[in-house]
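The sequence shown begins at 1 in our numbering and counts up one residue at a time.
Backbone N, C-alpha and C define an ideal beta-carbon position, used for all residues, glycine too.
Quick notes on the structure that follows.
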Amino acid sequence: MKKLMIGVAGAAIVALGAYLFTVNGGKDETNAVTSSEIKQMVQDFSSGNSTARSASITSQELMVVHEDSTETTFSLPDDEFFVSIAPFENETHPCEIHSLTSCRGEMANEEFNIYIEDNDGNVVMNQAIKSQPNGFIDLWVPRDKELSIKISQDGKTAESEITTFEQDNTCITTMQLT
C-alpha cells in the first residue's frame, strides 16, 4: 500500500510540473540574470540595440516576446523601480505599462535636466540626461517611495508626482513642458 501511495504522489507531482510548464509556455521566470544584466537589456531595447517582437516592463518584471514568439520573463530588482518618462511639448497621452519596443515620445535624443526628490526631502537625482531615440528617459529609482519629479529644458519645465509601489505605472507620458 505504501508503494502505491508513493507512486501516486510521484505521478501527481510529475503531472503538476508538466501542467505548470505548459501553462507558463516554458517562460523563464527564474531570476537567473543580475540586476545589471536586466538594466542592460532594458537599455538595449530602449536604444534600439536589441530587437524583439515586443518588450514591456511592469513594476515587477520585464517581459520579452522574441521574434520566434517565445516569451521570457525576468524579475526586476527588489530595491529599484523602473519608470520611463516622455517629456512632451505638443500633445500628451495616457500610458501605464511601458513598451520598450513601441512607445514613442516627441523629444528624441534631447538633453533634459532631471531633479527628483522623495517625500522626505532627500534628493534622489539631480543631473542632465539625454532622452533615448524613442523619446523617453529611462530611470531606475528607489522602490516604495513617493517622488516629486521636475524636468526642464531651455527655460521650460514640467513637474509631476509619482509613486514607485507594486502595481504603479512604469510609463509617464503626461509631463508637458511649459
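What are the start and end residues of the beta strand (DSSP E) that includes D118?
Taking the first residue of the sequence shown as position 1, residue 118 is located at position 118. Per DSSP, D118 belongs to the beta strand (DSSP E) from E111 to D118.
For S84, count neighbouring C-beta atoms within 10 Å of its own C-beta (all shown protein chains included) and say buried if the count is 16 or more, exposed if not.
Within the sequence shown, residue 84 is the residue found at index 84, counting from 1. The residue in question, S84, is buried, as its Cβ has 16 or more Cβ neighbours within 10 Å.
For the candidate residues T164, F136, F74 and L139, whose alpha-carbon lies nearest to that of K145?
Locating residue 145 in the sequence shown gives position 145, counting from the first residue. Per the Cα distances, T164.
Does the Cβ-Cβ distance between C171 and H93 come in under 7 Å?
Numbered from its first residue, the sequence shown carries residue 171 at position 171. Numbered from its first residue, the sequence shown carries residue 93 at position 93. In this structure, H93 does not lie closer than 7 Å to C171 by Cβ.
Take N90 and list the residues in its own chain whose beta-carbon comes closer than 7 Å to its own, dropping the five residues that flank it on each side.
As a first step, residue 90 is located in the sequence shown; it is residue number 90 there, counting from the start. So the qualifying residues of the chain are E106.
Contact criterion: CB-CB distance below 7 Å. Does M125 meet it with respect to chain C?
The displayed structure is made up of one protein chain only, and chain C is not part of it.
Can you say whether A55 is buried or exposed, counting buried as having 16 or more other CB atoms within 10 angstroms of its CB?
On the sequence shown, position 55 is the one that residue 55 refers to. Result: buried.
List in chain order: all unbroken beta strand (DSSP E) runs of 3+ residues lying wholly within the stretch 55 to 87.
Runs found: 61 to 65, 71 to 75 and 80 to 85.
Helix, strand or coil for N138? Go by DSSP, reduced to three states.
Looking up residue 138 in the sequence shown gives position 138. Note on residue identity: the sequence assigns Asp, not Asn, to residue 138. Residue state, collapsed to three classes: strand.
Return the CA-CA distance between M125 and G155, expressed in angstroms with no decimal places.
Here the question's residue 125 lines up with position 125 in the sequence shown. Here the question's residue 155 lines up with position 155 in the sequence shown. Those two C-alpha atoms are separated by around 19 Å.
Mapping DSSP to helix, strand and coil, what is Q132?
One-based indexing of the sequence shown puts residue 132 at position 132. It is coil, neither helix nor strand.
Whole angstroms are fine: how far does the CA of T51 sit from the CA of E67?
Here residue 67 is taken as the residue at index 67 of the sequence shown, counted from 1. Here residue 51 is taken as the residue at index 51 of the sequence shown, counted from 1. E67 and T51: Cα-Cα distance of roughly 8 Å.
If we call anything under 7 Å between Cβ atoms a contact, is V123 one with F74?
Stepping through the sequence shown from its first residue, residue 123 is reached at position 123. Stepping through the sequence shown from its first residue, residue 74 is reached at position 74. Cβ distance not < 7 Å, so V123 and F74 don't count as in contact.
According to DSSP, what are the bridge partners of N126?
For the purposes of this step, residue 126 is identified with residue 126 of the sequence shown, where counting begins at 1. According to DSSP, N126 bridges with Y115.
I'd like to check one pair, I129 with I151: are the Cβ atoms closer than 7 Å?
Mapped onto the sequence shown, residue 151 falls at position 151. Mapped onto the sequence shown, residue 129 falls at position 129. No.
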